[in-house]
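A short worksheet on the structure shown next.
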Amino acid sequence: MKLKERSEFLYFAWENKKLRIGVSIILFFLIFAIVGPDLAKYPPLEYVEAAAFPPSREHWFGTTIFGQDVFSQFVHGLKATFVVGLIGGSLGTLLGIVIGFTAGYRGGMVDEILNLITNVVLTIPSLAVLIIVAAYLTVRGILTESLLIGLTSWPWAARAIRAQTFSLRVREYVDMARISGMKAWRIIFGEIAPNMMSYLLLVYILQFGGAILYAASLDFIGLGPTNAVSLGLMMNYALLWAALPLGIWWWFVPPGAAITAIVGALYVTNVGLDEVFNPKLREM
Amino acid sequence: MTLQVENLTLYYRTLRGDARALEDATFTMVDGEIMGVAGESGCGKTTLGHGIVLLKPPMKFVRGRVVLDGEELPIWDTEAMKKFRFRKIAIIPQYAMNALNPTRKIGKMISEILRSRGVNFKSIEPELKRRLDLVGLTYDVLDMYPIELSGGMKQRVVLVLSTLLNPSVLIADEITSALDVSTQKAVMEMLVGFRDRRIVKSIMVITHDISILYQVADSIMVMYAGQLAEKASTEVIIHQPRHPYTKLLISSLPKVGVRYTETQLRGIPGSPPPLLDPPPGCRFQERCPVAFDKCREVPPFLELEPGHFVACWREF
Amino acid sequence: MSRYLGRKLVIYILTFFLAVTIDWLIPRLMPGDPINVMISRLGPRNPEEVQLLRDYYLRLFALDVPMWQQYVNFWKSVFHGDLGRSTLYFPRPVLDIIKRSVPYDIFLLLPAILTSWFAGNNFGAIAARRRWLDNTVLPMGYILTAMPYMWLALLLAWSLGIVAGWFPIAGAYSFELRPHLSILFIKDLLWHWFLPFLSLFMVMFGGWAIGMRNMIIYELEADYSRYLETLGAPSGLIRRYAFRNALLPQITGLALQLGTIVAGAVGTEVAFAYPGIGNLIVQAIQNQDYFLIQGCFLFVVLGVLVANFLIDIVYVIVDPRTRLGMAGEVA
Chain A
1 MKLKERSEFL
11 YFAWENKKLR
21 IGVSIILFFL
31 IFAIVGPDLA
41 KYPPLEYVEA
51 AAFPPSREHW
61 FGTTIFGQDV
71 FSQFVHGLKA
81 TFVVGLIGGS
91 LGTLLGIVIG
101 FTAGYRGGMV
111 DEILNLITNV
121 VLTIPSLAVL
131 IIVAAYLTVR
141 GILTESLLIG
151 LTSWPWAARA
161 IRAQTFSLRV
171 REYVDMARIS
181 GMKAWRIIFG
191 EIAPNMMSYL
201 LLVYILQFGG
211 AILYAASLDF
221 IGLGPTNAVS
231 LGLMMNYALL
241 WAALPLGIWW
251 WFVPPGAAIT
261 AIVGALYVTN
271 VGLDEVFNPK
281 LREM
Chain B
285 MTLQVENLTL
295 YYRTLRGDAR
305 ALEDATFTMV
315 DGEIMGVAGE
325 SGCGKTTLGH
335 GIVLLKPPMK
345 FVRGRVVLDG
355 EELPIWDTEA
365 MKKFRFRKIA
375 IIPQYAMNAL
385 NPTRKIGKMI
395 SEILRSRGVN
405 FKSIEPELKR
415 RLDLVGLTYD
425 VLDMYPIELS
435 GGMKQRVVLV
445 LSTLLNPSVL
455 IADEITSALD
465 VSTQKAVMEM
475 LVGFRDRRIV
485 KSIMVITHDI
495 SILYQVADSI
505 MVMYAGQLAE
515 KASTEVIIHQ
525 PRHPYTKLLI
535 SSLPKVGVRY
545 TETQLRGIPG
555 SPPPLLDPPP
565 GCRFQERCPV
575 AFDKCREVPP
585 FLELEPGHFV
595 ACWREF
Chain C
601 MSRYLGRKLV
611 IYILTFFLAV
621 TIDWLIPRLM
631 PGDPINVMIS
641 RLGPRNPEEV
651 QLLRDYYLRL
661 FALDVPMWQQ
671 YVNFWKSVFH
681 GDLGRSTLYF
691 PRPVLDIIKR
701 SVPYDIFLLL
711 PAILTSWFAG
721 NNFGAIAARR
731 RWLDNTVLPM
741 GYILTAMPYM
751 WLALLLAWSL
761 GIVAGWFPIA
771 GAYSFELRPH
781 LSILFIKDLL
791 WHWFLPFLSL
801 FMVMFGGWAI
811 GMRNMIIYEL
821 EADYSRYLET
831 LGAPSGLIRR
841 YAFRNALLPQ
851 ITGLALQLGT
861 IVAGAVGTEV
871 AFAYPGIGNL
881 IVQAIQNQDY
891 FLIQGCFLFV
901 VLGVLVANFL
911 IDIVYVIVDP
921 RTRLGMAGEV
931 A
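Residue numbers (this note's numbering), protein chains in the order written: chain A, 1 to 284; chain B, 285 to 600; chain C, 601 to 931.
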């Protein structure tokens, strides 16, 4: 992007309210996740206090039924959430790019086959596959969970990227490049990729959010990482240990609220970015 | 019928301010006239055509009057204009090939739009079929979906539909741009036929292709960067242009039979001024070979000879 | 039309193939001896029973037989409806257990999906028209669709169930009742059904509302809408056309959402201990009842395939372009 374009882009990016709100919320939680574990006074899993205390000055988010500090669990879980979102989302996007772009650019038989594969994997509900694989793995780490999520969530991204590649491929400047004898990889990286960058960013944001939600579902039914704390797991335990009838709301409300806020912020950021990239959508 | 336009000024709202797309356009169209509006891209001709029929954001009405058959058209009021649209004034848009609802059969869509305008489909059906004949389409077209028709066929459907209620003025916006030469001829002939049969009283043909206008237009109006440059009968514009821009335009046209090696094509060096912040006065100054300091004042669009309007200080 | 449906059918058959293969393959790739695990889970048993089970499992896994034959055997038993016996609910056959759970899923999911789709689409369409509604519906929609299903379930259970005491929070019906046809039972059933239904409805509603609002705006700016405006068409006609055209991608969107809906159903059923397949799967996992897990997986995939196909049929009926054999599929 030329200098004038870039400063114009930044201007619109800054002005866009949705983008500002979305990014602020995400950054807030991100910083929270990074420095939180240092702020937490107690280790997340240690029994430190009498059970089921509501939020107080000592324990900002109260304690669980076992007497663990909810706040420490919360910040550690927050970190896990971001890690899964990052790795799972990245893997899903990467696979989507490779498959979707190849299908869209090459067309023909390659496209038919890849499209078939994408549709088949797309039709199988990801959670079902995640469940059946995770159920057989007795020891699971965050990395495993992220990889599994990435490996099952790429079809959506592949489809979107394929469609975008199709529409870009027939643009005039690509034809010009091809006529002038430019090599294929130069066309891909020089002409098509820059115009796809914005789109790829939008896809990545949605993959990130989707990964977080899937991880929460997996954790909630007990198929999350076996040795780590996570937000979904907190809600799982809360349910299993009668937080509902006992009214220990501080155990399950913060984790879900954090996920809602982060994923919601991701969606809003997505919309805002779309407006910035797509001048037609901007409100006057 | 007459269409009188006075000082019509329309701007486009953009994030960086108002683009002055049309500035003080004043002209008249008379009964039976096919007037061509010619000029480069961005000269304001599409703004003019669309502004009269459908003025909506980001287009902004600044000032002016449009009077059709003695009745003033409230073009700034989208709601009030509805009763004029389709009945008195219609447009064949540039996007005619995409103008039909893809999920509706054509006949169904036509009957629904007619019904919504208070016209009984049954009563107009025989006339509809006659018009389809005129443009070379069969009645089966009514039973088809747009996706089953070719681009040219869809455009002809739009031509029939837009003129179905015999509007006084028809605006044809770049309808030949995407067509090959022989189809262009067929479409233009259809258009002239509609005028000759009094289906429409007058037509405004908006195009950047002057050679087409030479074939069908009674008069040509040349525009540049939102301002009117010259208007006269076709013969006069082609053979006796007076505005410097028109002169350069005509002389830059390739002529049949003349080889490039014998006479070089001359273009007009430079590019149009930005519409966001145009220079004061005549907007052609910077590229004009005969510009002088008076040009910093906007030249009025004066009738130098009967029917021949020019906006150039040099010609006064 | 047949070309469109035919292509879809091919995909579904291949998907089923893949699903069955995954179902058969995964246990074999995992470390450890599943047979021993399964038998030990059953608790102390007398030696004859253990031997019976061992023989049964060995036959099923047929570890002495070449792989391809094991694969074929698996297919054969699937077609016979023999999905093995559950270890958790020994000796009930897996198919039996699943059959008892499916009605609850349909009872819960079908109304939730349909009502949220219709309500969400209409709301989204209205929001696209009125500015003030748009400013409230839009953020609300984003928050709802960003909520993890199980969290909303927990919130509703706690607020409306415990604090307000209006609804029960577990099970499909009260423990002391046996399913029978009577007003009392039906009322009890509905009372237990409402909260899980509501939480599914709300999350899905948000998604549809936002999607439809965006689609309507897109359609209202399309060329055909502008052309209708030049013909002086009343806004009602233009809106009607836009609505109908915007519904098409919402229908395909429904098919694409099925995977997420499965996830939502599992989370909600677990939160409310609602006896559907989702709850069953979790129980099976917690007790390492491998046959039950495998059976449930197949059933879920089958259900998704059937739902996909039904949606495709609806789409073909509604979009005239597919009937003409032209590509009407939204990429």
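Glycine included, C-beta positions come from ideal geometry on N, C-alpha and C.
Only a predicted model underlies this, so the values are computations on that prediction, with no experimental measurement involved.
Hey, is residue i's beta-carbon within less than 7 Å of any beta-carbon in chain A?
{"i": "residue 702/C", "result": "no"}
{"i": "residue 851/C", "result": "no"}
{"i": "residue 798/C", "result": "no"}
{"i": "residue 911/C", "result": "no"}
{"i": "residue 815/C", "result": "no"}
{"i": "residue 802/C", "result": "no"}
{"i": "residue 615/C", "result": "yes"}
{"i": "residue 929/C", "result": "At residue 929/C the pLDDT is 43, less than 50, meaning the model places this residue with poor confidence; the figure from the coordinates comes in the next sentence. No, residue 929/C lies away from the interface with chain A (no Cβ there is under 7 Å from its Cβ)."}
{"i": "residue 750/C", "result": "yes"}
{"i": "residue 747/C", "result": "yes"}
Please check if any C-beta of chain C sits within less than 7 Å of the C-beta of residue i.
{"i": "residue 384/B", "result": "yes"}
{"i": "residue 438/B", "result": "no"}
{"i": "residue 23/A", "result": "no"}
{"i": "residue 296/B", "result": "no"}
What's the call for residue i, buried or exposed, on a 16-neighbour Cβ count within 10 Å?
{"i": "residue 69/A", "result": "buried"}
{"i": "residue 736/C", "result": "exposed"}
{"i": "residue 560/B", "result": "exposed"}
{"i": "residue 267/A", "result": "buried"}
{"i": "residue 28/A", "result": "exposed"}
{"i": "residue 10/A", "result": "exposed"}
{"i": "residue 526/B", "result": "buried"}
{"i": "residue 927/C", "result": "Low per-residue confidence applies at residue 927/C: pLDDT is 49, beneath 50, and the placement is therefore not dependable, though the value from the model is reported in the following sentence. Exposed: under 16 other Cβ atoms inside 10 Å."}
For residue i, would you say it is in contact with chain B, using Cβ-to-Cβ distances shorter than 7 Å as the test?
{"i": "residue 819/C", "result": "no"}
{"i": "residue 827/C", "result": "yes"}
{"i": "residue 627/C", "result": "no"}
{"i": "residue 734/C", "result": "no"}
{"i": "residue 731/C", "result": "no"}
{"i": "residue 824/C", "result": "yes"}
{"i": "residue 603/C", "result": "no"}
{"i": "residue 923/C", "result": "no"}
Give the residues of chain D in contact with residue i, contact being defined as C-beta atoms less than 8 Å apart.
{"i": "residue 886/C", "result": "In the displayed structure, chain D is absent; the protein chains listed are A, B and C."}
Quick one: does the C-beta of residue i sit closer than 6 Å to a heavy atom of the ligand ZN?
{"i": "residue 827/C", "result": "The ligand content of the structure shown is nil, which means the ligand ZN is not present either."}
For this session: Return the residues of the stretch 511-530 of chain B that lie within a Cβ-Cβ distance of less than 8 Å from chain C, sorted by chain order.
Result: none
Exercise. Any chance the stretch 340-359 of chain B sits against the stretch 265-278 of chain A, with 3 or more Cβ pairs inside 8 Å?
Worked result: no
Problem set entry | Near-chain C residues of the stretch 253-265 of chain A (beta-carbon distance less than 9 Å), N- to C-terminal order | 253, 255, 256, 257, 259, 260, 261, 262, 263, 264 and 265
For this session: Pick out the complete beta strand (DSSP E) segments inside the stretch 464-542 of chain B, 3 residues or longer, and give them in chain order.
Result: 486-491, 503-508 and 511-517
Exercise. Which residues, in order along the stretch 831-862 of chain C, keep a beta-carbon less than 7 Å from a beta-carbon of chain B?
Worked result: 831, 832, 833, 834, 837, 841, 844 and 845
Problem set entry | Near-chain C residues of the stretch 386-416 of chain B (beta-carbon distance less than 8 Å), N- to C-terminal order | 386, 387, 388, 389, 396, 397, 400 and 401
Exercise. Can you list, in chain order, the stretches of the beta strand (DSSP E) that have 3 or more residues and sit fully within the stretch 297-332 of chain B?
Worked result: 301-314 and 318-322
Exercise. Taking a cut of 8 Å between CB atoms, which residues from the stretch 220-239 of chain A lie near chain C?
Worked result: 220, 221, 222, 223, 232, 235, 238 and 239
For this session: Go through the stretch 164-251 of chain A residue by residue and report every complete run of the alpha helix (DSSP H) that reaches 4 residues or more, in order.
Result: 172-179, 193-220, 231-240 and 243-246
Exercise. When you check each C-beta in the stretch 418-432 of chain B against every C-beta of chain C, which residues fall closer than 8 Å?
Worked result: 429, 431 and 432
Exercise. Going along the chain, which residues of the stretch 201-222 of chain A sit with their C-beta nearer than 8 Å to a C-beta in chain C?
Worked result: 209, 213, 214, 216, 217, 220, 221 and 222
Exercise. Relative to chain C, which residues along the stretch 314-338 of chain B have a C-beta separation below 7 Å, given in chain order?
Worked result: 337 and 338
Exercise. Which residues, taken in chain order from the stretch 892-917 of chain C, show a beta carbon closer than 8 Å to some beta carbon of chain A?
Worked result: 893, 894, 897, 900, 901, 904, 905 and 908
For this session: Would you check if there are 3 or more beta carbon pairs closer than 8 Å linking the stretch 75-85 of chain A to the stretch 33-49 of chain A?
Result: yes
Exercise. In the stretch 486-500 of chain B, which residues sit with their C-beta less than 8 Å from some C-beta in chain C, listed in chain order?
Worked result: none
Problem set entry | the stretch 721-728 of chain C contacting the stretch 810-829 of chain C, beta-carbon criterion three pairs below 8 Å | yes
Exercise. If you measure beta-carbon to beta-carbon, which residues of the stretch 444-461 of chain B are closer than 8 Å to chain C?
Worked result: 445 and 446
Exercise. For the stretch 883-896 of chain C against the stretch 608-615 of chain C, are there 3 or more C-beta pairs whose distance is under 8 Å?
Worked result: no
Exercise. Residue ranges of each alpha helix (DSSP H) run of no fewer than 4 residues wholly in the stretch 808-865 of chain C, ordered along the chain?
Worked result: 823-830
For this session: Could you tell me which uninterrupted alpha helix (DSSP H) segments, each at least 4 residues in length, are contained entirely in the stretch 40-128 of chain A, listed from first to last along the chain?
Result: 70-106 and 108-123
Exercise. In the stretch 557-576 of chain B, which residues sit with their C-beta less than 8 Å from some C-beta in chain C, listed in chain order?
Worked result: none
Exercise. Residues in the stretch 761-780 of chain C with C-beta within 8 Å of chain A's C-beta atoms, listed in sequence order?
Worked result: 761, 762, 763 and 769
For this session: Say whether the stretch 304-316 of chain B touches the stretch 364-373 of chain B, bearing in mind that this needs 3 or more beta-carbon pairs closer than 8 Å, one atom from each stretch.
Result: no
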